[in-house]
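Our numbering puts the first residue of the sequence shown at 307, with every later residue one more than the last.
Heads up, the beta-carbon is just placed ideally off N, CA and C, and yes, glycines get one too.
Here is the structure we will look at, set down as structure tokens.
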Amino acid sequence: MHSLRLAVPAVGEDKRPFLIPQRLGQSFHQTPGGRHVRLILLDDAGKSQEAGTAVTRLITEDGVVAILGEVASSLSEAGGRVAQQYHVPMITPSSTAESVTEIGNMISRVCFIDDFQGYVVAKFARDNLHASRVAILYDQQQAYSKGLAYEFGKSFRALGGAITTDQAYTGGDPDLSAQLQSIKDTDPQAIFRITAVSQIATTPAMRPAFRPSSQAPRK
């Protein structure tokens, strides 16, 4: 029997795990070819250090032949370095930072990378929102957030738009008032915020704090 272990990140302060891996755990028992696969779920608590420790444990203690995950780019970087060191293949479903697969030949992904996503979002902002001035708000601790912020800004400028300001914050900080005031001072037509699922709850708090004086024209 081959063991396949999936690292499951936790989301938010209450550390709720994703439900998708739980469903996979109920179904991944036998391959179409008849070979049995044991899927073991492990929570890395959404922390880079825990991700590296988890992958080490999966390989050295459980003897896994492959790893699925991580979800976030920063965590995939931490876990990927360990997987590469032990020559165990790791596939991430959603880590978009190019640096993840640059770790080595044992690390793969099944999603688009930052430069493509950044271009698509920038084109949407220009063509669909008709925005010419956009501010960026990103998490400086997350490779995903930093990478997508950079690629969006590059593509948006190439498409004729202007980035009014780049504002960084630290994930988990509920107070974004300083960043929002700086953004408001530049009078953008839209804000591009790149954040983790667990931080979406802070987004409604932005609405009363930010009232742009200009809006993207509608066509």
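Straight-line measurement puts the Cα of A455 at about 12 angstroms from the Cα of F422. The alpha-carbon separation between K490 and S438 amounts to approximately 15 angstroms. DSSP, reduced to helix, strand and coil, places S354 within a helical segment of the structure shown. Of I497, E408, L348 and Q391, the smallest CA-CA separation from L435 is found for I497. Counted as a single uninterrupted DSSP element, the alpha helix (DSSP H) harbouring A431 occupies residues D420 to D433. Note that the segment 425 to 433 does not touch the segment 400 to 414; fewer than 3 beta-carbon pairs, one per stretch, sit closer than 8 angstroms. Per DSSP, A389 is one residue of the alpha helix (DSSP H) stretching across S379 to Y392.
In this structure, DSSP gives L364 a helical state, which the three-state scheme calls helix. Under the 8 angstroms Cβ criterion, the segment 445 to 454 does not count as touching the segment 480 to 490, having fewer than three qualifying pairs. Look at T492 here: in three-state DSSP terms it is coil, with no helix or strand label. In this structure, I373 sits near V394, with a CB-CB distance shorter than 8 angstroms. Here the C-alpha atom of A431 lies approximately 8 angstroms from the C-alpha atom of F462. For the 8 angstroms CB-CB criterion, A384 and A357 form a contact. Excluding the 5 residues flanking it on each side, M412 has same chain C-beta neighbours closer than 7 angstroms at A389, Q390, H393, V394, P395 and M396, in chain order.
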